[in-house]
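For what it's worth, the numbering used here labels the leading residue of the sequence shown as 6, then goes sequentially. We put the CB at the ideal spot given by N, CA and C, even for glycine.
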Amino acid sequence: MKIRKAKTQDVIPIYQLLEYFSAKEVLLPRSLAELYDNVRDFFVAEDEGEIIGCCSLHSCWEDLGEIKSLALKEDWQSKGIAKNLVDLCLKDAPQLGLKRVFALTYVPEFFKGLDFKEISKEKLPHKVWKECISCPKFPDCGEIALIRDI
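Written as C-alpha coordinates, this is what we have:
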(Lines of atoms letter the chains of each structure in order from A and count residues from 1; the text may use other names and numbers.)
(Lines give C-alpha, C1' and ligand atoms only; values in the text may rest on other atoms or scores of the structure.)
Protein backbone atom coordinates (compact mmCIF):
# COMPACT_ATOMS: atom_id res chain seq x y z
CA MET A 1 0.00 0.00 0.00
CA LYS A 2 1.25 3.46 -0.86
CA ILE A 3 -0.14 6.98 -0.74
CA ARG A 4 0.54 9.43 -3.55
CA LYS A 5 -0.83 12.48 -5.30
CA ALA A 6 -3.81 11.69 -7.53
CA LYS A 7 -3.62 11.66 -11.31
CA THR A 8 -6.40 12.12 -13.83
CA GLN A 9 -6.47 8.33 -14.33
CA ASP A 10 -7.54 8.05 -10.68
CA VAL A 11 -10.68 10.15 -11.06
CA ILE A 12 -13.04 7.31 -12.01
CA PRO A 13 -12.01 5.11 -9.03
CA ILE A 14 -12.19 8.15 -6.72
CA TYR A 15 -15.65 8.91 -8.09
CA GLN A 16 -16.78 5.31 -7.50
CA LEU A 17 -15.42 5.33 -3.94
CA LEU A 18 -17.15 8.62 -3.13
CA GLU A 19 -20.40 7.45 -4.72
CA TYR A 20 -20.38 4.37 -2.50
CA PHE A 21 -20.10 6.45 0.67
CA SER A 22 -22.44 9.18 -0.53
CA ALA A 23 -25.11 6.49 -1.05
CA LYS A 24 -24.63 5.68 2.65
CA GLU A 25 -25.09 9.42 3.32
CA VAL A 26 -21.77 9.80 5.13
CA LEU A 27 -20.25 12.27 2.66
CA LEU A 28 -21.29 14.51 -0.19
CA PRO A 29 -21.21 13.15 -3.73
CA ARG A 30 -18.82 14.76 -6.19
CA SER A 31 -19.42 15.01 -9.91
CA LEU A 32 -16.85 13.73 -12.37
CA ALA A 33 -16.39 17.29 -13.63
CA GLU A 34 -15.67 18.53 -10.10
CA LEU A 35 -13.19 15.72 -9.50
CA TYR A 36 -11.32 16.38 -12.75
CA ASP A 37 -11.28 20.11 -11.94
CA ASN A 38 -9.84 19.42 -8.48
CA VAL A 39 -7.68 16.32 -9.05
CA ARG A 40 -4.62 18.25 -7.85
CA ASP A 41 -6.27 18.57 -4.42
CA PHE A 42 -6.35 14.79 -3.93
CA PHE A 43 -4.11 12.18 -2.42
CA VAL A 44 -4.94 8.53 -3.00
CA ALA A 45 -4.09 5.34 -1.16
CA GLU A 46 -3.32 2.55 -3.58
CA ASP A 47 -2.77 -1.15 -3.15
CA GLU A 48 -1.56 -3.25 -6.08
CA GLY A 49 -2.91 -0.68 -8.53
CA GLU A 50 -6.32 -0.39 -6.83
CA ILE A 51 -7.45 2.92 -5.32
CA ILE A 52 -8.55 2.06 -1.78
CA GLY A 53 -8.83 5.55 -0.33
CA CYS A 54 -8.72 9.24 -1.02
CA CYS A 55 -8.64 12.62 0.66
CA SER A 56 -8.38 16.17 -0.62
CA LEU A 57 -7.22 19.52 0.65
CA HIS A 58 -9.13 22.37 -0.94
CA SER A 59 -8.20 26.02 -0.60
CA CYS A 60 -11.31 27.92 0.48
CA TRP A 61 -10.23 31.36 1.50
CA GLU A 62 -7.16 33.50 2.02
CA ASP A 63 -5.57 31.28 4.67
CA LEU A 64 -8.23 28.61 5.13
CA GLY A 65 -8.42 25.14 3.62
CA GLU A 66 -10.82 22.23 3.93
CA ILE A 67 -10.22 18.52 4.23
CA LYS A 68 -12.77 17.00 1.87
CA SER A 69 -13.78 13.65 0.45
CA LEU A 70 -11.97 11.47 2.96
CA ALA A 71 -12.99 7.93 2.09
CA LEU A 72 -11.43 4.53 2.59
CA LYS A 73 -12.73 1.14 1.50
CA GLU A 74 -14.21 -0.65 4.48
CA ASP A 75 -11.71 -3.54 4.43
CA TRP A 76 -8.89 -1.01 4.86
CA GLN A 77 -10.38 1.04 7.69
CA SER A 78 -8.85 1.16 11.19
CA LYS A 79 -5.33 0.60 9.84
CA GLY A 80 -4.09 4.21 10.09
CA ILE A 81 -4.47 4.92 6.37
CA ALA A 82 -7.10 7.65 6.79
CA LYS A 83 -4.83 9.38 9.32
CA ASN A 84 -1.94 9.17 6.86
CA LEU A 85 -4.08 10.68 4.10
CA VAL A 86 -5.11 13.60 6.31
CA ASP A 87 -1.52 14.06 7.53
CA LEU A 88 -0.31 14.44 3.95
CA CYS A 89 -2.99 17.04 3.29
CA LEU A 90 -1.94 18.92 6.42
CA LYS A 91 1.71 18.82 5.34
CA ASP A 92 0.65 20.25 1.98
CA ALA A 93 -1.28 23.16 3.56
CA PRO A 94 1.64 25.52 4.27
CA GLN A 95 2.79 25.26 0.64
CA LEU A 96 -0.58 26.74 -0.33
CA GLY A 97 -0.27 29.50 2.27
CA LEU A 98 -2.94 27.95 4.48
CA LYS A 99 -2.74 28.62 8.20
CA ARG A 100 -5.92 26.81 9.24
CA VAL A 101 -7.68 23.73 7.95
CA PHE A 102 -11.23 22.65 8.75
CA ALA A 103 -13.39 19.62 8.15
CA LEU A 104 -17.14 19.11 8.16
CA THR A 105 -17.78 15.57 9.31
CA TYR A 106 -20.11 13.02 10.84
CA VAL A 107 -17.07 11.45 12.55
CA PRO A 108 -15.71 14.25 14.75
CA GLU A 109 -13.77 11.91 17.05
CA PHE A 110 -11.47 10.92 14.18
CA PHE A 111 -10.52 14.53 13.55
CA LYS A 112 -10.26 15.34 17.27
CA GLY A 113 -7.64 12.59 17.41
CA LEU A 114 -5.67 14.62 14.86
CA ASP A 115 -5.75 17.80 17.01
CA PHE A 116 -8.76 19.37 15.31
CA LYS A 117 -11.01 21.37 17.64
CA GLU A 118 -14.77 21.60 17.32
CA ILE A 119 -16.10 25.03 16.32
CA SER A 120 -19.43 26.52 15.39
CA LYS A 121 -20.12 26.34 11.65
CA GLU A 122 -21.14 29.99 11.80
CA LYS A 123 -17.50 30.93 12.51
CA LEU A 124 -16.48 29.72 9.05
CA PRO A 125 -16.60 32.18 6.11
CA HIS A 126 -19.81 32.10 4.07
CA LYS A 127 -17.80 30.98 1.04
CA VAL A 128 -17.47 27.49 2.57
CA TRP A 129 -21.25 27.08 2.44
CA LYS A 130 -21.46 27.07 -1.38
CA GLU A 131 -21.69 23.26 -1.47
CA CYS A 132 -24.05 23.11 1.49
CA ILE A 133 -26.73 25.08 -0.33
CA SER A 134 -27.14 22.30 -2.92
CA CYS A 135 -27.11 19.47 -0.37
CA PRO A 136 -30.47 17.73 0.17
CA LYS A 137 -29.80 17.77 3.93
CA PHE A 138 -29.31 21.55 4.10
CA PRO A 139 -29.66 23.30 6.53
CA ASP A 140 -29.84 20.51 9.11
CA CYS A 141 -27.24 18.03 7.96
CA GLY A 142 -25.79 17.24 11.35
CA GLU A 143 -22.17 17.56 10.24
CA ILE A 144 -19.78 18.84 12.88
CA ALA A 145 -17.24 21.56 12.04
CA LEU A 146 -13.69 21.13 13.31
CA ILE A 147 -10.62 23.26 12.71
CA ARG A 148 -6.89 22.99 13.21
CA ASP A 149 -4.17 25.61 13.10
CA ILE A 150 -1.19 24.66 10.98
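Give the straight-line distance between the Cα atoms of Gln-21 and Glu-123, rounded to the nearest whole angstrom.
The residue you call residue 21 lines up with position 16 of the sequence shown. The residue you call residue 123 lines up with position 118 of the sequence shown. When rounded, the distance between both Cα atoms is 30 Å.
Other residues of its chain near His-63: CB distance less than 7 Å, five sequence neighbours each side excluded
Your numbering for residue 63 matches position 58 in the sequence shown. These residues qualify, in order along the chain: Asn-43, Asp-46, Gly-70, Glu-71 and Lys-73.
Run through the region 86-111 for me and flag every whole beta strand (DSSP E) of 3 or more residues, listed as ranges in chain order.
105-110
Within 10 angstroms of its Cβ, does Thr-13 collect 16 or more other Cβ (buried), or is it exposed?
For the purposes of this step, residue 13 is taken as residue 8 along the sequence shown, with counting starting at 1. Per the 10 Å Cβ criterion, exposed.
Could you tell me the distance, in whole angstroms, from the CA atom of Phe-116 to the CA atom of Ala-150?
Within the sequence shown, numbered from 1, the residue matching residue 116 stands at position 111. Within the sequence shown, numbered from 1, the residue matching residue 150 stands at position 145. Each residue's alpha carbon lies about 10 Å from the other.
Residues of its chain near Val-91, where Cβ-Cβ distance is below 7 Å and the 5 sequence neighbours each way are ignored:
Stepping through the sequence shown from its first residue, residue 91 is reached at position 86. Excluding positions up to five away in sequence, the list reads Cys-60, Ile-72, Leu-75 and Leu-119.
So, with DSSP's three-state summary, where would you put Phe-48?
Stepping through the sequence shown from its first residue, residue 48 is reached at position 43. If DSSP states are grouped into helix, strand and coil, Phe-48 belongs with the strands.
The beta strand (DSSP E) that contains Ser-83, what's its start and end?
Here residue 83 is taken as the residue at index 78 of the sequence shown, counted from 1. Careful: Ser-83 lies outside any beta strand (DSSP E) and carries neither H nor E.
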